[in-house]
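J.:
Number of protein chains: 2
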Amino acid sequence: MAKDFVKSITSMEDDFAQWYTDVVTKAELIDYSSVRGSMIIRPYGTAIWENIKEALDKRIKETGHENVYMPLFIPESLLQREKDHIEGFAPEVAWVTHGGDEKLAERLCVRPTSEVLFAEHYKNIIHSYRDLPKLYNQWANVVRWEKTTRPFLRTLEFLWQEGHTCHETEEDADRETIQMLQVYAEICEKYLALPVIKGRKTEKEKFAGAKYTYTIESLMHDGKALQSGTSHNLGDGFAKSFGIQFSDRDGNLQHVQQTSWGFTTRIIGAMIMVHGDDRGLVVPPMIAPTQVMIVPIAQHKEGVLDFAYDLQKKLSNSIRVGIDASDKKPGWKFNEYEMKGIPLRLEVGPKDIEKNQVVLVRRDTGEKQFVSMDGLEETITQLLTDIQDNLLKKATDHREENTHTAVNFDEFKQLTAKEKPGFIKAMWCEDQACEDKIKEETSATSRCMPFEQETIADTCVCCGKKANKLVYWAKAY
Amino acid sequence: MAKDFVKSITSMEDDFAQWYTDVVTKAELIDYSSVRGSMIIRPYGTAIWENIKEALDKRIKETGHENVYMPLFIPESLLQREKDHIEGFAPEVAWVTHGGDEKLAERLCVRPTSEVLFAEHYKNIIHSYRDLPKLYNQWANVVRWEKTTRPFLRTLEFLWQEGHTCHETEEDADRETIQMLQVYAEICEKYLALPVIKGRKTEKEKFAGAKYTYTIESLMHDGKALQSGTSHNLGDGFAKSFGIQFSDRDGNLQHVQQTSWGFTTRIIGAMIMVHGDDRGLVVPPMIAPTQVMIVPIAQHKEGVLDFAYDLQKKLSNSIRVGIDASDKKPGWKFNEYEMKGIPLRLEVGPKDIEKNQVVLVRRDTGEKQFVSMDGLEETITQLLTDIQDNLLKKATDHREENTHTAVNFDEFKQLTAKEKPGFIKAMWCEDQACEDKIKEETSATSRCMPFEQETIADTCVCCGKKANKLVYWAKAY
């Protein structure tokens, strides 16, 4: 048992789906359990999520929001209060029908999202414009009864934060919706090194019960898109269904304007599929639980381990440094930490100690360099910044290379038929019939109407009628 | 609307239960929802829990544990794998029977605790002694179908952390069980200012499926006890049921030795019932979301608000400082922040500014003092330490005053019949019949067999037979 075997994975080009499954399991992000469609998030996956969560929670608090915690269960009658919402979610909720041996008088659903719970609470606590805005957020698990599941990307249960806010005016609500989308984009770009397209969802693709939905969309290595975060302006729909009213500055009763926005463990799937390669995971330094892994060379020789531990201690002030002093072979260790996508490997052996140097190997480029022990902390800090920047640049370049334009349906169909379709920018007449037809014939969906609009043509890519809305289309996860 | 009304609460002596309900709602810790037995944890309650969680998570990680996340649902067949465990939990679980419109082939229970999920995972990932110990923890919500519920103390759903570990030997598992109980005791005493009695549960009161259970018990203001954290040595019971085996250092197959331990939002109930008073909540400085609340006096006068904001900014380096610059009357504000139990109130008005001083009012003692602006940060830091120490001392004194001894059943019954029974130390013959009889006749239960044993008598307080085990008894939440 416990042999030093080297893990190997399927190549991305051979079978991207199998590559993904290999990476999530062999990098020890997740394990499967006997619960269909649910995953066990292992220590490494959890540590990555905790780093993302910490960065996002900080921004959520800095922008004035407070965390709360709502119940897991929603009585069926409460879920039914907002008509569009229940229609959207009823097919995919899990129902609790028994407590112990007792059959419940009313079924409870396990929350798929918590708009109705927040709405009920807001009705209780909001009376005057002085009570506004209410800027709440919760970190929670939610359940959606999906038929087909994949780790992180689509699971029965997932972890997320869901923000829920109430405002006096439509303008305030719109400002909030935009602000939180910007926060998501910032977390993606700054921490996860994921470039995103910001835009608005079409009516067909918006959140059930929303006035409109903003989204950030990213492009995976295989040319498929992934919705990476959404922010909804709910208008006064829920407020009217739940009677959330306040007396305004003139003493008149008004309904509040609401927003909600969510960001999930799904983003880890995006990180894997954007940065990963045939050697496994690549984790951006900003969210890497271990930024540098020290691998001692010839560690049985006197002084090597002491030196390595001492180095770890010194670097730990400003860098997250691990050390593997196990009796496994260096080659096994190199492979293991490449599989886990640790940004930098630091090798140090007797000769290095003699020469007052260490060896640094970048995970993103494979580049190996001998660097002096003098100023090592600064050297590493700079390298981590370079790696972070390089990952964002590579991902942005990849997206640009795989973003195409189409001016008619033939071009569109040719692009979507490619093995790696990418984003397709094309004009749309805003008629849902065209959106439906495109999906039916190409399986591409409208990802968003980007904030940065361009005029590629005057006519709809599908029906040829007059069109002035640019849409990003893609096959998507 | 939005009048400056002063909140008032029921007196503790008149009706402790009503006092508790008043405090949790009027200090805005929780709100009720239409979900029976579940609570909404409002921003203030959530912020307190986040501070407790942060302190405990730090200690859990320092002691070598890693966080993971397990599924919310447990298939019925998996729950049934450990016989004692299912017997203990089956009557109080919520069952999911439908996903969308589809009836499930097998019912799923909403986790009441996750031993079986961890056991299944451990079987997959543990093969050799090199894989041990496995020291995992998760922060999660769990559900227990309770008939009677009270905010924090007993709710259908609650938040907690549950640690689950695997070890090579019984000694390792025992050391872990003790270590984590000590961590809980430390969090209670150092952060929550809650003195606890550490000990072992009787067979009757131990966790379903455990070899034995250690517990920390605290005493509430009304003389009832509250179990405040438990740590279980699971022995190899789950390991045998689930086949979690490893090849030991001699190459023989052995079952792992396991532990589990949990600490919940219930502890907020203990904090309320130990430190609270007739003016509301009292939050220990170490976990107070706001340690100092600045209330500007005559804030319409020139320079007062600027001075107050400036002060807040200066103090914020090392202290969690809030400011209420709303147009509500100072009297309303005093009352509000006393209700919320904020450790220190800082008043500052034009005269204070002139005299280079501020007014500080302690929440715990009501003591008011004029202190110089010079060295204010140090003065406040010292005062917060004093308040923290005083709360622990007061609570310890209260517990000592309400800890009694009984050497025979008459004495025991007299003590339990008192309005404020407190802890009763009495000897027990270790026969469950006596434990049952005591509960039946007095409604007191065995809280623990304390680690610090004493010999109060030679005979069992109930049956009069030879006894050498000291037990803490109490009526309990």
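In order, the protein sequence lines correspond to chains A and B.
The letter at position 73 of the first sequence is residue 73 when you use the working numbering, and the numbering goes up by one with no holes.
Adding 1000 to a residue's 1-based position in the second sequence gives its number in the working numbering.
Note that CB positions come from ideal geometry on N, CA and C, so glycine has one too.
Everything numeric in this text was worked out from a predicted model, so none of it was measured.
Can you check whether the C-beta of residue 1070/B is within less than 7 Å of a C-beta belonging to chain A?
T.: Residue numbering aside, residue 1070/B sits at position 70 when the second sequence is read from its first letter. Interface residue, yes.
J.: In terms of alpha-carbon separation, which member of 77/A, 98/A, 240/A, 151/A lies closest to residue 21/A?
T.: Along the first sequence, one-based indexing puts residue 21/A at 21. For residue 21/A, the nearest C-alpha among the options comes from 151/A.
J.: For the stretch 10 to 43 of chain A, which residues have a beta carbon sitting closer than 8 Å to at least one beta carbon of chain B?
T.: If the cut-off is 8 Å between Cβ atoms, the stretch 10 to 43 of chain A has 31, 33, 34, 35, 38, 39, 40, 41, 42, 43 near chain B.
J.: If you measure between the beta carbons of residue 120/A and residue 76/A, is that distance less than 7 Å?
T.: Stepping through the first sequence from its first residue, residue 120/A is reached at position 120. Stepping through the first sequence from its first residue, residue 76/A is reached at position 76. Result no, Cβ atoms of residue 120/A and residue 76/A do not sit closer than 7 Å.
J.: When we look at the beta-carbon of residue 1395/B and count the other beta-carbons within 10 Å, is it buried (16 or more) or exposed?
T.: The residue given as residue 1395/B occupies position 395 in the second sequence. So residue 1395/B ends up on the buried side.
J.: Between the C-alpha atoms of residue 1149/B and residue 1155/B, what's the straight-line distance to the nearest angstrom?
T.: Within the second sequence, numbered from 1, the residue matching residue 1149/B stands at position 149. Within the second sequence, numbered from 1, the residue matching residue 1155/B stands at position 155. C-alpha separation (whole angstroms): 5 Å.
J.: Can you list, in chain order, the residues of its chain whose CB lies under 6 Å from that of residue 1184/B, leaving out five sequence neighbours each side?
T.: By one-based count along the second sequence, residue 1184/B stands at place 184. Cβ neighbours of residue 1184/B beyond the five flanking positions: 1216, 1229, 1263.
J.: Closer than 9 Å by beta-carbon distance: list the chain B residues that pair up with residue 91/A, in chain order.
T.: Here the question's residue 91/A lines up with position 91 in the first sequence. Here the neighbours are 1100, 1101.
J.: Would the beta-carbon of residue 1038/B fall within 7 Å of that of residue 1164/B?
T.: Within the second sequence, residue 1038/B is the residue found at index 38, counting from 1. Within the second sequence, residue 1164/B is the residue found at index 164, counting from 1. Result no, Cβ atoms of residue 1038/B and residue 1164/B do not sit closer than 7 Å.
J.: Exposed or buried, what is residue 85/A when buried is set at 16 or more other beta-carbons lying within 10 Å of its beta-carbon?
T.: Numbered from its first residue, the first sequence carries residue 85/A at position 85. The residue in question, residue 85/A, is buried, as its Cβ has 16 or more Cβ neighbours within 10 Å.
J.: Do you know how far the Cα of residue 1173/B is from the Cα of residue 1235/B?
T.: Here residue 1235/B refers to the residue found at position 235 of the second sequence. Here residue 1173/B refers to the residue found at position 173 of the second sequence. Taking the straight line from one Cα to the other gives about 8 Å.
J.: Does DSSP put residue 242/A in a helix, in a strand, or in coil?
T.: What you label residue 242/A is simply residue 242 of the first sequence in a count that begins at 1. Three-state result, residue 242/A: helix.
J.: DSSP on residue 1/A, reduced to helix/strand/coil?
T.: Within the first sequence, the letter at position 1 stands for residue 1/A. For residue 1/A, the predicted model reports a pLDDT of 36, less than 50, meaning its position is unreliable and no value from the coordinates is stated.
J.: Please name the residues in the stretch 152 to 180 of chain A whose beta-carbon is closer than 8 Å to at least one beta-carbon of chain B, in chain order.
T.: Listed in sequence order: 156, 157, 159.
J.: Let me confirm a value: residue 71/A is counted as buried when at least 16 other C-beta atoms fall within 10 Å, else exposed. Which label applies?
T.: On the first sequence, residue 71/A is found 71 positions in, with the first residue counted as 1. With 16 or more other Cβ atoms within 10 Å, it is buried.
J.: Just to make sure I have the definition right: I need the residues of chain A whose C-beta is within less than 7 Å of the C-beta of residue 1145/B. Which are they?
T.: Along the second sequence, read from residue 1 onward, the residue named residue 1145/B stands at position 145. Correct list: 99, 100.
J.: For the beta strand (DSSP E) containing residue 332/A, name the first residue and the last one.
T.: Numbered from its first residue, the first sequence carries residue 332/A at position 332. From DSSP, residue 332/A is part of no beta strand (DSSP E) but of the alpha helix (DSSP H) over 330 to 339.
J.: On a CA-only basis, which of 345/A, 48/A, 96/A, 222/A is nearest residue 475/A? Give me that one, please.
T.: Stepping through the first sequence from its first residue, residue 475/A is reached at position 475. Selected option, being the one with the closest Cα: 222/A.
J.: Leaving out the 5 sequence neighbours to the left and right, which residues in its chain are closer than 6 Å to residue 16/A when beta-carbon positions are compared?
T.: Position 16 of the first sequence holds residue 16/A. Around residue 16/A: 222.
J.: By the criterion of Cβ-Cβ separation under 8 Å, what are the contact partners of residue 149/A in chain B?
T.: Position 149 of the first sequence, counted from the first residue, corresponds to residue 149/A. Result: empty, since nearest Cβ-Cβ is about 12 Å, beyond 8 Å.
J.: Classify residue 1172/B as helix, strand or coil using the three-state DSSP reduction.
T.: Counting from one through the second sequence, the residue named residue 1172/B turns up at place 172. Of the three classes helix, strand and coil, the one that applies to residue 1172/B here is helix, per DSSP.
J.: Starting from the beta carbon of residue 1050/B, find every residue of chain A whose beta carbon is closer than 8 Å, and list them in chain order.
T.: Working through the second sequence from its first residue, we reach residue 1050/B at position 50. Chain A residues near residue 1050/B: 67.
J.: DSSP on residue 19/A, reduced to helix/strand/coil?
T.: What you label residue 19/A is simply residue 19 of the first sequence in a count that begins at 1. Three-state result, residue 19/A: helix.
J.: Can you give me the start and stop residues for the beta strand (DSSP E) that residue 139/A sits inside?
T.: Counting from one through the first sequence, the residue named residue 139/A turns up at place 139. Segment 134 to 143, the beta strand (DSSP E) holding residue 139/A.
J.: For residue 289/A, decide whether its Cβ has a neighbour in chain B, counting only Cβ atoms nearer than 7 Å.
T.: Position 289 of the first sequence holds residue 289/A. No, because no Cβ of chain B sits closer than 7 Å to the Cβ of residue 289/A.
J.: Cβ closer than 7 Å: which chain B residues qualify as neighbours of residue 332/A?
T.: Locating residue 332/A in the first sequence gives position 332, where the first residue counts as 1. Simply none; closest approach about 13 Å.
J.: Provide the residue span of the beta strand (DSSP E) that contains residue 394/A, from first to last.
T.: In the first sequence, residue 394/A corresponds to position 394, counting from 1. No beta strand (DSSP E) holds residue 394/A; the alpha helix (DSSP H) holding it covers 376 to 401.
J.: Which residues of chain A have a Cβ atom closer than 7 Å to the Cβ of residue 1239/B, listed in chain order?
T.: On the second sequence, position 239 is the one that residue 1239/B refers to. In chain order: nothing, as chain A lies at least about 17 Å away.
J.: Please state whether DSSP places residue 56/A in a helix, a strand or coil.
T.: Within the first sequence, residue 56/A is the residue found at index 56, counting from 1. In this structure, residue 56/A counts as helix in the three-state DSSP scheme.
J.: Just to check my reading of the structure: residue 1379/B and residue 1205/B have Cβ atoms closer than 8 Å, yes? What is that Cβ distance to the nearest angstrom?
T.: The residue labelled residue 1379/B in the question sits at position 379 within the second sequence. The residue labelled residue 1205/B in the question sits at position 205 within the second sequence. That belief does not hold up - the Cβ atoms of residue 1379/B and residue 1205/B are roughly 47 Å apart, past 8 Å.
J.: Distance cutoff 7 Å, beta carbons only. Does residue 73/A sit that close to anything in chain B?
T.: Counting from 1 along the first sequence, the entry for residue 73/A is found at position 73. It does: the Cβ of residue 73/A has a partner Cβ on chain B nearer than 7 Å.
J.: With distances taken between CB atoms, is the gap from residue 1128/B to residue 1238/B smaller than 7 Å?
T.: Counted from its first residue, the second sequence places residue 1128/B at position 128. Counted from its first residue, the second sequence places residue 1238/B at position 238. Contact flag unset, no.
J.: Which class does residue 342/A belong to by DSSP, given the choice of helix, strand or coil?
T.: Along the first sequence, read from residue 1 onward, the residue named residue 342/A stands at position 342. The answer is coil: DSSP assigns residue 342/A none of H, G, I, E or B.
J.: Thinking C-alpha only, which one of 301/A, 277/A, 296/A, 126/A is nearest residue 258/A?
T.: Translated into the one-based positions of the first sequence, residue 258/A becomes position 258. Out of 301/A, 277/A, 296/A, 126/A, 126/A has the C-alpha closest to the C-alpha of residue 258/A.
J.: Alpha carbon to alpha carbon, how far is residue 114/A from residue 162/A?
T.: The residue labelled residue 114/A in the question sits at position 114 within the first sequence. The residue labelled residue 162/A in the question sits at position 162 within the first sequence. The alpha-carbon atoms of residue 114/A and residue 162/A are separated by roughly 8 Å.
J.: When DSSP labels each residue in this structure, what does residue 290/A get in the three-state scheme?
T.: By 1-based counting over the first sequence, the position of residue 290/A is 290. In the structure shown, residue 290/A sits in coil (DSSP, three-state: anything other than H, G, I, E or B).
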